[in-house]
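Beneath this line is the structure, given in structure tokens, with notes to follow.
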Amino acid sequence: GAGVSQSPSNKVTEKGKDVELRCDPISGHTALYWYRQSLGQGLEFLIYFQGNSAPDKSGLPSDRFSAERTGGSVSTLTIQRTQQEDSAVYLCASSLAVGSWEEDEQFFGPGTRLTVL
Amino acid sequence: RKEVEQDPGPFNVPEGATVAFNCTYSNSASQSFFWYRQDCRKEPKLLMSVYSSGNEDGRFTAQLNRASQYISLLIRDSKLSDSATYLCVVNSNYKLSFGAGTTVTVRA
């Protein structure tokens, strides 16, 4: 079946521009997560959605970052006035979120590689 | 202090060798633990969960020591296809905290 998809796969932008990254989770997965992976670093949690609501936005690095999810499905991560330090791979994951968290596997998309010049 | 710390390696081993590595975590309230595998420029994929009693999945053995707050992964009879970065992952509720990864290279 279809996995998590993300678009675009690569995005090169100039400093100061806004970018929008898209995530299509696995059908039926109620939970959706955004992470960021900088070169040589571990994945950094950004935000978590349960349905359309985001109970935890604590990982968003600054107010230039925002995310929304509509219809309990597609999510977009928007970065305004991009800076060079925003360059990273942005990964989206989704999970069923039923039962215990111990058993809730997160499935990752291929990521969007963002380069801010 | 990082939430999850791993030896970055690299561990370079010949085919058939056994390789083992650990990670430590700082949040004693963490609830569940995983090893993910990440191939170069690919997304992470779940390798195995780690249970308190220790568990095996084929050639892979994972152990958890809650008292010392570390997790280990052992790969027996390593194959060329085991070459990857292994991410130690700790779950507190829904939030996964990832280590930076341990790179393993298996050579012919």
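For the record, the sequence lines run as chains A and B. Numbering follows this note's numbering, with no gaps: position 90 of the first sequence is 90. Numbering follows this note's numbering, with no gaps: position 77 of the second sequence is 1077. Even glycine gets a Cβ: it sits at the ideal position worked out from N, Cα and C.
- Segment contact: the region 39 to 52 of chain A against the region 1075 to 1082 of chain B, fewer than three CB-CB distances shorter than 8 Å; contact not assigned.
- Taking 8 Å as the cut-off, the Cβ atoms of PHE1060(B) and ILE1071(B) do not count as close.
- Rounded to whole angstroms, the Cβ separation of ALA88(A) and ARG36(A) is 5 Å, and the two are in contact under 8 Å.
- Contact of GLY111(A) with chain B by beta-carbon distance below 9 Å involves ARG1041, LYS1042, GLU1043.
- Counting along the chain, TYR33(A) sits inside the beta strand (DSSP E) bounded by residues 31 to 37.
- In the DSSP assignment, LEU1096(B) falls within the beta strand (DSSP E) that extends over 1095 to 1098.
- For CYS92(A), the enclosing beta strand (DSSP E) begins and ends at 88 to 95.
- The alpha-carbon separation between CYS1040(B) and GLN80(A) amounts to approximately 29 Å.
- In this structure, DSSP gives LEU46(A) an extended state, which the three-state scheme calls strand.
- In the displayed model, SER7(A) falls within a strand according to three-state DSSP.
- If the five residues before and after ASP24(A) are omitted, its C-beta is found closer than 6 Å to the C-beta atoms of SER5, VAL74, all from its own chain and listed in chain order.
- Looking at the DSSP output, PRO1014(B) bridges to ARG1107(B).
- Apart from the 5 residues on each side of it in sequence, SER1049(B) sits with its Cβ closer than 6 Å to the Cβ of PHE1034 in its chain, given in chain order.
- In the structure shown, the three-state DSSP call for ASP1082(B) is helix.
- TYR1051(B): not part of any beta strand (DSSP E); DSSP gives it neither H nor E.
- With respect to chain B, the C-beta atom of TYR90(A) has no partner C-beta closer than 8 Å.
- Per the coordinates, the alpha-carbon of THR112(A) lies some 11 Å from the alpha-carbon of VAL19(A).
- Contact check for TYR1036(B) against LEU1087(B) passes: the beta carbons are separated by less than 8 Å.
- Within 7 Å of the CB of GLN106(A), the CB atoms of chain B belong to LEU1096, in sequence order along the chain.
- For LEU96(A), same chain residues with a beta-carbon under 6 Å away, outside a window of 5 residues either side, are HIS29 in chain order.
- Rounded to whole angstroms, ALA1100(B) and PRO1008(B) show a C-alpha spacing of 7 Å.
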